[in-house]
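**Q**
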Amino acid sequence: MMATILDYEHEDHSQGKEKPQARMCYGAELPQPDYLPLELSVFVFDVGQKTWKSYDWSQITTVAAFGKYDSELMCYAHSKGARVVLKGDVSLKDIIDPGFRASWIAQKLNLAKIQHMDGINLDIEQEVNCSSPEYDALTALVKETTDSFHREIEGSQVTFDVAWSPKNIDRRCYNYTGIADACDFLFVMSYDEQSQIWSECIAAANAPYNQTLTGYNDYIKMGINPKKLVMGVPWYGYDYTCLNLSEDHVCTIAKVPFRGAPCSDAAGRQVPYKMIMKQINSSISGNQWDQNQQAPYYNYKDPAGHFHQVWYDNPQSISLKATYIQNYGLRGIGMWNANCLDYSGDAVAKQQAEEMWEVLKPKLFQR
Numbered sequence: 001m002m003a004t005i006l007d008y009e010h011e012d013h014s015q016g017k018e019k020p021q022a023r024m025c026y027g028a029e030l031p032q033p034d035y036l037p038l039e040l041s042v043f044v045f046d047v048g049q050k051t052w053k054s055y056d057w058s059q060i061t062t063v064a065a066f067g068k069y070d071s072e073l074m075c076y077a078h079s080k081g082a083r084v085v086l087k088g089d090v091s092l093k094d095i096i097d098p099g100f101r102a103s104w105i106a107q108k109l110n111l112a113k114i115q116h117m118d119g120i121n122l123d124i125e126q127e128v129n130c131s132s133p134e135y136d137a138l139t140a141l142v143k144e145t146t147d148s149f150h151r152e153i154e155g156s157q158v159t160f161d162v163a164w165s166p167k168n169i170d171r172r173c174y175n176y177t178g179i180a181d182a183c184d185f186l187f188v189m190s191y192d193e194q195s196q197i198w199s200e201c202i203a204a205a206n207a208p209y210n211q212t213l214t215g216y217n218d219y220i221k222m223g224i225n226p227k228k229l230v231m232g233v234p235w236y237g238y239d240y241t242c243l244n245l246s247e248d249h250v251c252t253i254a255k256v257p258f259r260g261a262p263c264s265d266a267a268g269r270q271v272p273y274k275m276i277m278k279q280i281n282s283s284i285s286g287n288q289w290d291q292n293q294q295a296p297y298y299n300y301k302d303p304a305g306h307f308h309q310v311w312y313d314n315p316q317s318i319s320l321k322a323t324y325i326q327n328y329g330l331r332g333i334g335m336w337n338a339n340c341l342d343y344s345g346d347a348v349a350k351q352q353a354e355e356m357w358e359v360l361k362p363k364l365f366q367r
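At position 77 of the sequence shown (counting the first as 1) the number is 77 in full-length UniProt numbering, and the numbers step up by one without a gap.
Structure representation (structure tokens):
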């Protein structure tokens with residue numbers, strides 16, 4: 001999972017105190033840096049290595065560190081006025097116990113202080129039954145985590161990752177309104193939208209346009225303030241092996257069940273944007289565009305003679321969805337994940353990376 005978030009507006013608990021704590025870096029204490037202009041703020045999920053050195057730091061306000069702890073990244077982010085936040089994941093069966101919740105939160109808070117972090121992103125994507133004790137325990141965990149971090153770390157940020165729709169996706173019955181109220185904002189993972197395929201077992205877009213935007217409409221209809229919603233988009237795609245590939249590009253895939261559904265995107269494999277851009281020129285179809293799903297795809301044949309179909313997102317498909325953000329008042333945009341681009345310095349790759357960062361900037365279009 002996860003993503004880069006463009007957080008267009010800050011409405012956090014700190015009421016203007018939107019600054020990371022002063023930090024000790026390279027033996028010298030950094031001043032508390034001001035945040036970048038709100039309309040250009042970006043929250044980046046980083047999964048490790050050193051690609052962060054090539055990110056568009058002119059936009060970034062927060063980095064969610066999902067890889068191995070990197071003090072150099074922490075110091076650099078703070079020098080640019082950006083937050084750095086922890087990843088938070090825990091077994092939902094354990095958090096039914098209030099004592100366990102308190103201990104887990106204290107542990108994460110202590111780690112955040114030791115590592116000079118500015119908050120936590122709760123990435124809990126486990127099944128929850130609506131009538132189970134985990135339903136209320138999860139909401140309590142979010143509220144208690146938020147209260148503790150806000151109290152102990154000035155300007156800290158607590159966020160929670162949710163599925164592309166609130167309609168029990170992947171059997172995740174969560175108290176979405178309660179969780180939204182309890183934390184700073186929700187990161188809506190508008191990808192992996194084929195995790196449960198209830199119709200034909202065929203390859204399809206990772207984040208189809210209409211389906212994606214319907215998810216946001218449903219969250220807002222629940223009464224969640226749009227300013228509590230950040231749109232997550234994928235910087236990766238899915239490579240499916242076709243059992244059959246028709247002349248009109250319909251790729252039949254193997255039946256791989258997931259959480260009750262007969263088919264799923266587990267029949268494919270995730271591929272980062274940088275690999276897709278290298279492979280597309282040697283495809284047998286060239287770049288194709290699905291008008292219904294508003295998404296690009298292509299077909300190729302592997303050395304064993306099997307046909308594949310790859311669905312992904314590019315600047316064109318992302319920009320179409322991104323217009324929803326300001327037109328409907330969402331808090332911002334994000335992506336999973338920033339490491340998926342080619343930062344090697346190759347001229348073509350450099351342009352491709354710049355275009356993907358550029359499309360995250362806020363735009364306003366007529367509906």
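We treat Cβ as the ideally placed atom computed from N, Cα and C, and that holds for glycine.
Just to confirm, are L73 and A65 a CB contact at a threshold of 8 Å?
**A** Yes; because the gap between Cβ atoms is below 8 Å, this pair is in contact.
**Q** Buried or exposed: D172, going by 16 or more other Cβ atoms within 10 Å of its Cβ?
**A** Position check: residue 172 holds Arg in this sequence, whereas Asp was assumed. Its Cβ being crowded by 16 or more others within 10 Å, R172 is buried.
**Q** Rounding to the nearest angstrom, what Cα-Cα distance links G88 and A112 in this structure?
**A** Distance between the alpha carbons of G88 and A112: 11 Å.
**Q** Can you check which of these residues, L122, N327, N217 and K255, is closest to S165 by C-alpha distance?
**A** Comparing Cα-Cα distances from S165 to each of L122, N327, N217 and K255, the minimum goes to N217.
**Q** Our contact map puts S317 next to P296 with C-beta atoms below 8 Å; I'd like the distance itself, whole angstroms only.
**A** About 6 Å; that satisfies the 8 Å criterion.
**Q** By Cβ distance, which residues of its chain are closer than 7 Å to A266, with the 5 residues on each side in sequence left out?
**A** Result list for A266: V256 and F258, in chain order.
**Q** By DSSP, does D147 sit in helix, in strand, or in coil?
**A** If DSSP states are grouped into helix, strand and coil, D147 belongs with the helices.
**Q** Along the beta strand (DSSP E) that carries R101, what are the first and last residues, could you check?
**A** Unbroken run through R101 is the alpha helix (DSSP H), P98 to I114; no beta strand (DSSP E).
**Q** Reducing DSSP to helix, strand and coil, say where Q288 ends up.
**A** Reduced to three states, the DSSP call for Q288 is strand.
**Q** Would DSSP call I280 helix, strand or coil?
**A** In this structure, I280 counts as helix in the three-state DSSP scheme.
**Q** In three-state DSSP terms, what is P234?
**A** Of the three classes helix, strand and coil, the one that applies to P234 here is strand, per DSSP.
**Q** Could you pull out every unbroken alpha helix (DSSP H) segment of at least 4 residues lying fully inside the region 287 to 328, listed in chain order?
**A** Listed in chain order, they are 315 to 327.
**Q** Hey, L141 and I95: beta-carbon distance below 8 Å or not?
**A** Taking 8 Å as the Cβ cut-off, L141 and I95 qualify as a contacting pair.
**Q** What residue does the beta strand (DSSP E) around A220 start on, and which one ends it?
**A** The question names Ala, but residue 220 is Ile in the sequence shown. Careful: I220 lies outside any beta strand (DSSP E), inside the alpha helix (DSSP H) at Y209 to K221.
**Q** Identify every residue that forms a DSSP beta bridge with N121.
**A** Looking at the DSSP assignment, N121 forms a beta bridge with K87 and T159.
**Q** Closest by CA to H116, which one among F160, C25 and K50?
**A** Of the candidates F160, C25 and K50, the one whose C-alpha sits nearest the C-alpha of H116 is C25.
**Q** Quick check: the Cα distance between W235 and D56, rounded to an integer number of angstroms?
**A** Answer to the nearest angstrom: the Cα atoms are 15 Å apart.
**Q** Secondary structure at L138, three-state DSSP: helix, strand or coil?
**A** Three-state result, L138: helix.
**Q** Terminal residues of the continuous beta strand (DSSP E) containing W336?
**A** Element bounds for W336: G332 to W336.
**Q** Quick one: using the 10 Å Cβ neighbour count with 16 as the cut-off for buried, is K321 buried or exposed?
**A** Buried: at least 16 other Cβ atoms inside 10 Å.
**Q** What does DSSP give as the partner residues of G268 in its beta bridges?
**A** DSSP, once it has assigned bridges, lists Y240 as partnering G268.
**Q** Keeping to the same chain, check which residues put their C-beta closer than 7 Å to that of I120; ignore five residues upstream and five downstream.
**A** These residues qualify, in order along the chain: V85, L86, G88, K108, A112, T145, F149 and V158.
**Q** Taking all protein chains shown into account, decide if G155 is buried (16 or more other Cβ within 10 angstroms of its Cβ) or exposed.
**A** Counting Cβ neighbours within 10 Å, G155 comes out buried, since at least 16 surround it.
**Q** Could you tell me which of V359, D136 and S319 sits nearest to L213, measuring between CA atoms?
**A** Here the closest residue by C-alpha is S319.
**Q** Using the C-alpha atoms, what's the distance from C183 back to R101?
**A** Rounded to whole angstroms, R101 to C183 spans 16 Å at the Cα level.
**Q** Is the distance from the Cβ of G99 to the Cβ of T139 below 8 Å?
**A** No, the pair does not count as a contact, with Cβ atoms beyond the cut-off.
**Q** If the criterion is Cβ atoms closer than 8 Å, does the pair K228 and F185 meet it?
**A** For K228 and F185, yes; Cβs fall inside 8 Å.
**Q** In the DSSP assignment, the alpha helix (DSSP H) including V348 goes from what residue to what residue?
**A** Counting along the chain, the alpha helix (DSSP H) containing V348 begins and ends at A347 to E358.
**Q** Quick one, which of F307, Y238 and N210 has its alpha-carbon nearest S246's?
**A** Closest by alpha carbon: F307.
**Q** Would you identify the three-state DSSP class for C263, choosing helix, strand or coil?
**A** In this structure, C263 counts as strand in the three-state DSSP scheme.
**Q** Helix, strand or coil for D170 per DSSP?
**A** Note: D170 maps to helix in three-state DSSP.
**Q** Report back the beta-carbon spacing between I124 and A180 to the nearest angstrom; my notes put them in contact at under 8 Å.
**A** In fact, because the Cβ distance is near 15 Å, the residues do not count as touching under 8 Å.
**Q** By how many angstroms is the C-alpha of Y191 removed from the C-alpha of L330?
**A** Approximately 17 Å, taken between the alpha carbons.
**Q** Give me, in chain order, the residues of the same chain whose beta-carbon lies closer than 8 Å to that of S195; leave out the 5 immediate sequence neighbours on both sides.
**A** These residues qualify, in order along the chain: I169, D170, F258, R259, A261, S264, D265 and A266.
**Q** Starting from D46, trace the alpha helix (DSSP H) both ways and give me its first and last residue.
**A** Segment V42 to D46 is the beta strand (DSSP E) holding D46; no alpha helix (DSSP H) there.
**Q** Determine, for S71, whether the minimum Cβ-Cβ distance to residues of chain D falls below 8 Å.
**A** No chain D appears in this structure, which consists of one protein chain only.
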